[in-house]
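Worksheet: one structure, shown below.
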Amino acid sequence: MKKALQGATLLMTLVGAGQATALEWMSNSVGFRYGKEFTNPNNPHYISKRIYSFTHASGYQYGSNYLHLDVLLSDNDDPRKGTNKGSSEVYGVYRHQLFASRVLDTPLGTGLVKDYALTLGFDASRNNNLGSAKKRALVFGPTLKFNTVGVFDLSLLYYKENNHSGIPGAKDPDHTFDDTYLLNLAWMRPFEVGSHAAKFQGFVNYIGEKGHDYNGRDTAPETLMRTSLMFAVLPGKNVKPNLYLGVGYEYWHNKFGVDGGRGTRTSAPTLNLEVTF
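According to mature numbering (1 follows the signal peptide of the UniProt record, and there is no 0), the residues represented by the sequence shown are -22 to -1, 1 to 255, in order.
Right, dumping it as structure tokens:
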């Protein structure tokens, strides 16, 4: 698993380097969101989090790149391991898409579907709370790109995760989960309010059961939804840089694949800020 992730990372780095001089479009943003009702399994408290983010999206001759990085800072209801101070986490997501119509140089749209794509990528994270997660996950599979304004993608991906548990007594703290699938729906719908740009964006992930956990217990399917409604401060359709303000929402059922119990269901509204450039 480790070698596969290293190989995928190297491949995507080389591909990205080769594309750097041939980008057809590019969009970047830095963001901030804040919420007070986040949860973690086996933690009885609501957790306040400040979340800083960076997002890059770009397109080139044969497809697109997407990179998202979150830095999550929790209050002391989710303490750093061995202290009473709040913990921190870094979580990164990379996705690369190859568009069938571009690779084959043949229009493949059917009216409802604009194109077909092969998506491949990875997730990687590190946390310093009691769980001390070190997630590494590899994904790849087909994507339907629907014919609509903005982005509306449906993907069925192979999913393989390796992770770490720092909780004392874990029988298998460095654990490789079973192969499973990830069903992903992602969207970004731009629109206008008067002379100001606005957008409704987000994703839903459904991850199937992934075998046993760190203590030999069965995992459960998990659902994660994260979405936001954002409004631009400066008037104009494609003004950059621009400041967006809005609200968001995160829902997580069976968080981390834990089958019910305290802290495994998150329902957290957020206040969001984003600067596009």
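We treat Cβ as the ideally placed atom computed from N, Cα and C, and that holds for glycine.
Please report how far the alpha carbon of residue i lies from the alpha carbon of residue j, in whole angstroms.
i: leucine 249; j: threonine 84; result: 43 Å
i: arginine 243; j: leucine 82; result: 44 Å
i: glycine 194; j: proline 151; result: 11 Å
i: glycine 9; j: proline 247; result: 16 Å
i: valine 217; j: valine 253; result: 11 Å
i: methionine 166; j: glutamate 15; result: 25 Å
i: leucine 96; j: asparagine 107; result: 35 Å
i: tyrosine 184; j: lysine 63; result: 32 Å
i: glycine 41; j: glycine 144; result: 39 Å
i: aspartate 156; j: phenylalanine 32; result: 31 Å
i: phenylalanine 77; j: asparagine 20; result: 42 Å
i: leucine -9; j: glutamine 39; result: Per-residue confidence for leucine -9 stands at a pLDDT of 46, beneath the threshold of 50, marking its modelled position as unreliable; the derived number appears in the next sentence. Taking the straight line joining both Cα atoms gives about 15 Å.
i: leucine 135; j: lysine 123; result: 14 Å
i: proline 120; j: glycine 235; result: 24 Å
i: proline 22; j: tyrosine 94; result: 44 Å
For a test of the three-state rule: what should DSSP assign to residue i, helix, strand or coil?
i: leucine -18; result: The predicted position of leucine -18 is uncertain, since its pLDDT is 47 and thus under 50; no value can be drawn from it.
i: valine 8; result: strand
i: alanine 111; result: coil
i: valine 127; result: coil
i: alanine 148; result: coil
i: leucine 1; result: coil
i: residue 290; result: With the chain covering only -22 through 255, there is no way to say anything about residue 290.
i: threonine 61; result: coil
i: lysine 138; result: strand
i: glycine 119; result: strand
List the whole-angstrom C-beta distance separating residue i from residue j, where the pair is believed to meet the contact cut-off of C-beta under 8 Å.
i: threonine 154; j: glycine 186; result: Incorrect: roughly 16 Å between the Cβ atoms, too far for contact.
i: leucine 52; j: serine 65; result: The sequence shown places serine at residue 52, rather than the leucine named in the question. Contact holds; Cβ gap of about 5 Å.
i: proline 168; j: valine 211; result: About 16 Å separates the two Cβ atoms, so there is no contact after all.
i: histidine 34; j: asparagine 6; result: 5 Å
Would you mind reading off the limits of the beta strand (DSSP E) that contains residue i?
i: serine 103; result: 91 to 105
i: asparagine 250; result: 243 to 254
Starting from residue i, trace the alpha helix (DSSP H) in both directions and tell me its first and last residue.
i: valine 236; result: Counting along the chain, valine 236 falls outside any alpha helix (DSSP H), and DSSP gives it neither H nor E.
Check your understanding: What beta strand (DSSP E) runs, 3 residues minimum, are completely inside the region 3 to 55?
Key -> 3 to 16, 25 to 38 and 41 to 52
Review point. At which residue ranges does the region 155 to 242 contain complete alpha helix (DSSP H) runs of 4 or more residues, listed in the order of the chain?
Key: Fully enclosed alpha helix (DSSP H) runs of 4 or longer: not present.
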